[in-house]
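Data first, discussion second: the structure below is written as C-alpha cells.
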Amino acid sequence: MRLRLGRPDIARYSDRFDVPAAEAGSLSVTWMGVATLLLDDGSCALMTDGYFSRPGLARVAAGKLSPSPVRVDGCLARAKVSRLVAVIPVHTHIDHVMDSALVADRTGAQLVGGESAANVGRGYGLPEDRLVVAASGEPIRLGAYEVTLVESHHCPPDRFPGVIDAPLTPPVKVSAYRCGEAWSTLVHHLPSGQRLLIQGSAGYVEGALAGHRADAVYLSVGQLGVQPRSYLDAYWNETVRAVGARRAILIHWDDFFQPLSKPLRALPYAGDDLDASIAVLDELAGRDGVGLHMPTVWRRENPWA
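Residues in the sequence shown are numbered consecutively from 649, following the numbering used here.
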C-alpha cells in the first residue's frame, strides 16, 4: 500500500465555515483548534482543554516537553479570557491536557476531569480544592453551567493508552500523556437552557448517551478518515443522532503541530483523511436533517441559532 502524500485542502470546504456569529453579550462558543472550546455568556465562562502550546512535530519527537507560558498567555489574551470557572480536558493526551493546568492557574479555574487529569493538575502544583474528579453521568454545577461527563472511548488507534496514575510534572515525553478517561462532555447553560455535546475524540461507547439531549454537537473527526464506513455510521448514531442534535460542527481536524499564529491546515493524509470523513458525514447529516459545519477559529459563534 502506497503512502498518500499531501493533505486535504481546507479551502474546498469554505462554505462550511458558516456557523452564525454570536450577538454581543449572548452565550457563545469559540473554537481555538483541536478540541479547545470556550463557552462564555458574558459573565461566566468555561473551557475544554486549553491546548495552546502546540509544539512542532520535530520537538515532540525529540524529547521532553513543557507548556509554553508565552503561547498560552498570548492565546488567552487574544481570546479575551481572564477568568474561567473550569477547564475540562476531554482526555489526557498531550494535544488536550498539556496546558490545562497552566490555563486553570492563570484563570482561577477548577480543573475538572478524571483521575488522570487530576494528576496533571497535581504535577503542576494546583491545590486539591481546585481539582474536581468527575463520576461518569453525574452532573457538576460550575457557575452558570451544569456539566455532565459521560465515559467514552478514544478513537482507534490510541497511541498512548492507559492512565496517568501519579502526579505528572513537565518536562516529560509525549508518551507520558496517556489517554486517561475519555469523555463525552455535555454542557447545559442554565440561564438560557441551551445544551451542547462536545465529543472531543472520535470514539464512543454504545448506548452511553441514551437519554441525553443536545441541540448542537462539536464533533471530533480526528482519525475518523482511516476508519471503516461501519465505524463512521456507528459513531454518528451514538453521538449526533443519540442526542437529537440539529447541528454538528466538526473539530479536531487541524494539524496541531502548527501554532495558532499560523493559518490552520488539515492533518496530512499520512495520518487521517478529512475528505473521506466529510463525504460520509455529509451523507449521514443529509439523511437525518442535520446541518454539518466547521467552526471559524477565534470567532464567537452561536451553534444554536
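Glycine included, every Cβ here is placed at the ideal spot set by N, Cα and C. Remember, it's a predicted structure, so these values are computed and weren't measured experimentally.
Distance between residue j and residue i (C-alpha atoms, nearest Å)
i     : j    : result
P876  : V928 : 11 Å
L833  : S909 : Per the sequence shown, residue 833 should be read as Thr rather than Leu. Those two C-alpha atoms are separated by around 27 Å.
V853  : W884 : 12 Å
V1026 : V768 : The requested residue 1026 does not occur in the structure, where the chain is confined to residues 649 to 953.
P958  : G851 : Nothing in the structure corresponds to residue 958, since the chain is present only between 649 and 953.
L750  : D806 : 25 Å
G771  : L932 : 43 Å
7 Å Cβ shell around residue i - same chain, five flanking residues per side excluded
i    : result
V891 : L845, L857, H860, R861, A862, V865
E701 : Correcting the residue type first, residue 701 is Ser in the shown sequence and not Glu. For S701, where only same-chain residues beyond five positions count, the Cβ hits under 7 Å are P715, S716, R719, V720, M746, D747.
D920 : G870, Q871, G873, V874
D936 : R889
Proximity test, Cβ basis, 7 Å: residue i and chain B
i    : result
D688 : Protein chain content of the structure displayed is limited to a single chain, and chain B is not contained in it.
Proximity winner among the options, relative to residue i (alpha-carbon distances)
i    : options                : result
Y825 : V869, D747, D920, D657 : D747
S662 : T817, P943, D921, N950 : P943
G841 : L675, P656, G939, L940 : L675
R948 : L705, A893, T678, A814 : T678
F904 : R660, D688, P656, G704 : G704
V729 : V798, W952, A757, I742 : A757
V738 : Y879, A814, L685, A896 : L685
V708 : A914, Q906, P804, P668 : Q906
M680 : A670, D697, A914       : D697
G773 : Y793, L816, D806       : L816
Nonlocal neighbours in the same chain, by C-beta distance under 6 Å from residue i, ignoring five residues either side
i    : result
T755 : R731, L732
L915 : D903
I658 : A914
L867 : Q847, A896, L898
P839 : A792
Alpha helix (DSSP H) segment containing residue i, residue limits
i    : result
W884 : 877 to 884
S764 : 763 to 772
V751 : 748 to 755
Residue i beta carbon near the ligand GDP (any heavy atom closer than 6 Å)
i    : result
H941 : Among the ligands in the structure shown, none appear at all, so the ligand GDP cannot be discussed.
For residue i, the first and last residue of its enclosing beta strand (DSSP E)
i    : result
R702 : From DSSP, R702 is part of no beta strand (DSSP E); its letter is neither H nor E.
A896 : 895 to 899
Next item on the list: Kindly confirm or deny that the stretch 826 to 841 and the stretch 756 to 765 touch, where touching means at least three C-beta pairs closer than 8 Å.
Entry: yes
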